[in-house]
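Asks:
Number of protein chains: 2
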Amino acid sequence: MAKVAIMGYGTVGSGVYDIIKNNADHLSRSVDGEKIELKYILDIRDFPDHPEPNLFTKEFNDILNDGEVTVAAEVMGGLHPAYEFTKALLEAGKSVVTSNKELVATYGTELLEIAREKNVNYLFEASVGGGIPIIRPMHQCLTANNIVKIAGILNGTTNYILDQMIRKGKTFETALKDAQAKGFAERNPAADIEGHDACRKIAILASLASGKFVDYSDIDTEGITAVTLDDVKYAAAMDSVIKLIGYAEFGEDGKVYSIVSPMVIKSDSPLSGVDGVFNAILVTGDCVGDVMFYGKGAGKLPTASAVTADIVDAVKHRERSKKIFWEKPSGTIMAGKDSRKFRYFIRTNDNAENIRGIFGKCEFVDNLISGESAFVTEPLTSSEAEDKTARLRDVVTKLRVMA
Amino acid sequence: MAKVAIMGYGTVGSGVYDIIKNNADHLSRSVDGEKIELKYILDIRDFPDHPEPNLFTKEFNDILNDGEVTVAAEVMGGLHPAYEFTKALLEAGKSVVTSNKELVATYGTELLEIAREKNVNYLFEASVGGGIPIIRPMHQCLTANNIVKIAGILNGTTNYILDQMIRKGKTFETALKDAQAKGFAERNPAADIEGHDACRKIAILASLASGKFVDYSDIDTEGITAVTLDDVKYAAAMDSVIKLIGYAEFGEDGKVYSIVSPMVIKSDSPLSGVDGVFNAILVTGDCVGDVMFYGKGAGKLPTASAVTADIVDAVKHRERSKKIFWEKPSGTIMAGKDSRKFRYFIRTNDNAENIRGIFGKCEFVDNLISGESAFVTEPLTSSEAEDKTARLRDVVTKLRVMA
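Protein sequence lines, in the order shown, are assigned to chains A and B. Just so it is clear: in the first sequence, position 356 is 355 by numbering that gives the first Met the number 0, and no numbers are missing. Just so it is clear: in the second sequence, position 245 is 244 by numbering that gives the first Met the number 0, and no numbers are missing.
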């Protein structure tokens, strides 16, 4: 009998409860017939109508001090007290599984180190890509591959907004309101639309792939607030779509180049067809080539399904480290922002002669809006693109094109 | 130090050799610093120019009787002697990993049972989807989900042929010759184009998902030899493509419905955009919803990368069963061929009045070819579709439409 606790009875926590209750046989089969029993649900709120009121506690110490509890699911979200709770549990020799990307991206290095020392596990499959199996398959891919590149649609809210612009011709503002009305976007949507959520997720994936901590605050992050319906239409004219991409490249020198940015993506990329609130992560390995993982990146049951799989894995691997971790690098491992070149899609009110004078060879796109010029540059570093664009008159749009 | 053997030095075997040699550090990191050393390569042929001639043996017993060897990679292909070798190794308490889908689909139940008894592992990640991580992620998804459905593009050769028809307007015959010239199709392409390869793969996935052996010979299998360029053009007119799909549905009664068939797929399905020799497997779980795994389904390094990941996993789990297996069912678990309805796309030289008389409500598609009628039926069982179609004059095409 394995006894577990859920910490935080919000959307994900109640999903984990439902799955443990409804799929008990399955779970038991997965751990060789051993029953997984839920012993505590921690929440500061009251749930008077819950069918199992005796499970609830407001006291974290009930879980911490209960020697029977070997695994806790931290699905509270936020940094505090999630950090303190997780640390205390790991130090007490209990495994913790989580959907909390902010915590993993911020304190993951320390928490993974404690888990390793204590020979328990800190698992975070649900922190990236919701229900999509990505952390473990990437770890598995990694076994025989050097990961070369990761490009992911990591945030369902922004993908839904862009998709509504692409398919329904809505403006950004209308699409955002629509997403809020449907519950896909928060009332304060900044974390999503400004790219911070995607940034934490690519930081986690880049840390895992490189084996060294990639600090999300070192990742240049641009959201989708500047993307207009006209940009989307230009992209369509180029047989492309605009997607918010969390991007990381891994050099042979051990350096990591990473950005979060809206990018123009050709329709022949498997990422281009990822619609609505779906997520997809394209991983390129030196042996396996491109592999992609696709599915619902959020939502109660998809996310809870990943958390539950981690619970089962933690039960199976009690007192045996899964060795999914990264370490703090001695110096910086971030490659400079100019170490990688992209082609850029640019719209400007300047004329073709000036454009050619500044950018040299470039590929013009048929105007959709009178008076402006639209073109795609040759590959440029970030600084080159900035410097050259600054010399143009009235720049409307500057977007990276994914290779 | 873990000592391993490669059995069969063909395309995949030499790829495994390359990865073990080139990525030794990685592999070692994955197994906690323990070195993985290749001790034998079994092949009946001579490789006089190989850099490590001392590794080669023609004697299977060298491997079987060497107590130091704990893991063998069976990448010989074919049923015999691969079956006898694998069985002997497992019975001797060694783990075996394989890319041999035919062997897994045919003797998997017995071999998995022996592995379980002996507390070793028989792993087969490379047998489906080449380098795509699918067996383990599906096993992981399974933990918290009841798998409802699997639909996969499981054969790169047929996908390449169909893709050439779709994108380049080639006929089936020309596309097949092109695939043969490029090395994507065998000189005798029957196993691919008649669907047998896809059939073995969906049988493996269905066995894994249901936990019970699904015999590939019980799966109705239709290849792509009857698909014409005109069919492909009609599909395009319906905003769809034609793909060869390995399909399985899992009823709450424990029954499995499975077929291999070319299907008409709407462009909004993530499977529709899978091009060239790529594979993709769409798995639907009751909690997670749709997840898709995409990548190269064949090729030296992609497949070898999956085999190597299994070697590492077998080394990590020596004398500890991974519990990825299925059992022989007591009776049949196959649902009847009429237990599931599909809509059908039909072309005929019959007239609209007769068609409506036979099929009732149906959706006509604008004719691309004069004199014929093209339409999509309401959902029908396999027998209903056959019976009704038999009453039409001059049926040109009858294809399932994927829901």
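Heads up, the beta-carbon is just placed ideally off N, CA and C, and yes, glycines get one too. Since this is a predicted model, take the numbers as computed values, not measurements.
Using the Cβ count rule (16 or more neighbours within 10 Å means buried), how would you classify residue 201 of chain A?
Replies: Of the other Cβ atoms in all chains shown, 16 or more fall within 10 Å of the Cβ of residue 201 of chain A; this residue is therefore buried.
Asks: Ignoring anything shorter than 4 residues or poking outside the stretch 128-167 of chain B, list the alpha helix (DSSP H) runs there in chain order.
Replies: For the stretch 128-167 of chain B, the full-length alpha helix (DSSP H) segments reaching 4 residues or more read 134-143 and 155-167 along the chain.
Asks: From the beta carbon of residue 232 of chain A, is the nearest beta carbon of chain B less than 8 Å away?
Replies: no
Asks: Between residue 131 of chain B and chain A, is any beta-carbon pair separated by less than 8 Å?
Replies: yes
Asks: With a threshold of 8 Å between beta-carbons, can residue 311 of chain A be considered close to chain B, or not?
Replies: yes
Asks: How far does the beta strand (DSSP E) with residue 171 of chain A in it extend, from its first residue to its last?
Replies: Secondary structure note for residue 171 of chain A: it is in no beta strand (DSSP E), and the uninterrupted alpha helix (DSSP H) holding it is 171-180.
Asks: Just checking my contact of residue 108 of chain A with residue 251 of chain A at CB under 8 Å: how many whole Å lie between their CB atoms?
Replies: With a Cβ gap of about 23 Å, residue 108 of chain A and residue 251 of chain A do not count as contacting.
Asks: For residue 143 of chain B, which residues in the same chain have their Cβ closer than 7 Å to its Cβ, ignoring the five residues on either side in sequence?
Replies: 286
Asks: Given a cut-off of 8 Å on the beta-carbon distance, is the pair residue 390 of chain B and residue 348 of chain B in contact?
Replies: No; because the gap between Cβ atoms is not below 8 Å, this pair is not in contact.
Asks: Do residue 278 of chain A and residue 149 of chain A come within 8 Å of each other at the CB atom, strictly closer than that value?
Replies: no
Asks: If we ignore side chains and look at the alpha-carbon of each, how far apart do residue 50 of chain A and residue 7 of chain A end up?
Replies: 17 Å
Asks: Using a C-beta cutoff of 8 Å, does residue 289 of chain A count as contacting chain B?
Replies: Residue 289 of chain A has a beta carbon lying within less than 8 Å of a beta carbon in chain B.
Asks: Where do the N-terminal and C-terminal ends of the beta strand (DSSP E) with residue 255 of chain B fall, by residue?
Replies: 255-265
Asks: Report the option in B:354, B:257 and B:17 whose CA atom is closest to the CA atom of residue 333 of chain B.
Replies: B:257
Asks: Do you know offhand how far residue 380 of chain A's Cα is from residue 219 of chain A's?
Replies: 14 Å
Asks: Enumerate, from N- to C-terminal direction, the unbroken alpha helix (DSSP H) stretches of 4 or more residues contained entirely within the stretch 192-243 of chain A.
Replies: 195-209 and 228-236
Asks: With a cut-off of 8 Å, do at least 3 Cβ pairs link the stretch 223-233 of chain A to the stretch 183-201 of chain A?
Replies: yes
Asks: Just to confirm, are residue 129 of chain B and residue 295 of chain B a CB contact at a threshold of 8 Å?
Replies: yes
Asks: Among A:376, A:176 and A:293, which one has its Cα closest to the Cα of residue 355 of chain A?
Replies: A:376
Asks: Give the secondary structure of residue 399 of chain B by DSSP, where H, G and I count as helix, E and B as strand, and everything else as coil.
Replies: strand
Asks: So the beta strand (DSSP E) residue 82 of chain A belongs to, where does it begin and stop?
Replies: Element bounds for residue 82 of chain A: not the beta strand (DSSP E) but the alpha helix (DSSP H), 81-90.
Asks: Output, in chain order, the set of chain A residues within a Cβ distance shorter than 9 Å of residue 25 of chain B.
Replies: 141, 142, 143, 144 and 145
Asks: Can you tell me whether residue 93 of chain A is helix, strand or coil according to DSSP?
Replies: Residue state for residue 93 of chain A is assigned as coil, using DSSP reduced to three classes.
Asks: Closer than 6 Å by C-beta to residue 18 of chain A: which residues in its own chain qualify, once you throw out the five before and the five after it? Chain order, please.
Replies: 303 and 307
Asks: Which first and last residues belong to the beta strand (DSSP E) in which residue 362 of chain B is found?
Replies: Segment 361-364, the beta strand (DSSP E) holding residue 362 of chain B.
Asks: Would you please verify whether the beta carbon of residue 292 of chain B is less than 8 Å from any beta carbon of chain A?
Replies: By this cut-off, residue 292 of chain B is an interface position.
Asks: Given a limit of 7 Å on CB to CB distance, which residues of the stretch 5-24 of chain A reach chain B?
Replies: 18 and 22
Asks: For residue 216 of chain A, count the other beta carbons within 10 Å of its own beta carbon; 16 or more makes it buried, fewer makes it exposed. Which is it?
Replies: exposed
Asks: Flag this pair as yes or no: are the beta carbons of residue 113 of chain B and residue 83 of chain B separated by less than 8 Å?
Replies: no
Asks: Listed in chain order, which residues of the stretch 28-48 of chain A have Cβ atoms closer than 8 Å to some Cβ of chain B?
Replies: 28, 29 and 31
Asks: Starting from residue 377 of chain B and walking both ways along the beta strand (DSSP E), at which residues does that stretch end?
Replies: Counted as a single uninterrupted DSSP element, the stretch harbouring residue 377 of chain B is not any beta strand (DSSP E), since DSSP gives it neither H nor E.
Asks: Please state whether DSSP places residue 67 of chain B in a helix, a strand or coil.
Replies: coil
Asks: So the beta strand (DSSP E) residue 289 of chain B belongs to, where does it begin and stop?
Replies: 288-295
Asks: For residue 321 of chain A, does the three-state DSSP call read helix, strand or coil?
Replies: coil
Asks: Residue 159 of chain A to residue 145 of chain B, Cα distance in whole Å?
Replies: 27 Å
Asks: Which term fits residue 363 of chain A, buried or exposed, when burial requires 16 or more other beta carbons within 10 angstroms of its beta carbon?
Replies: exposed
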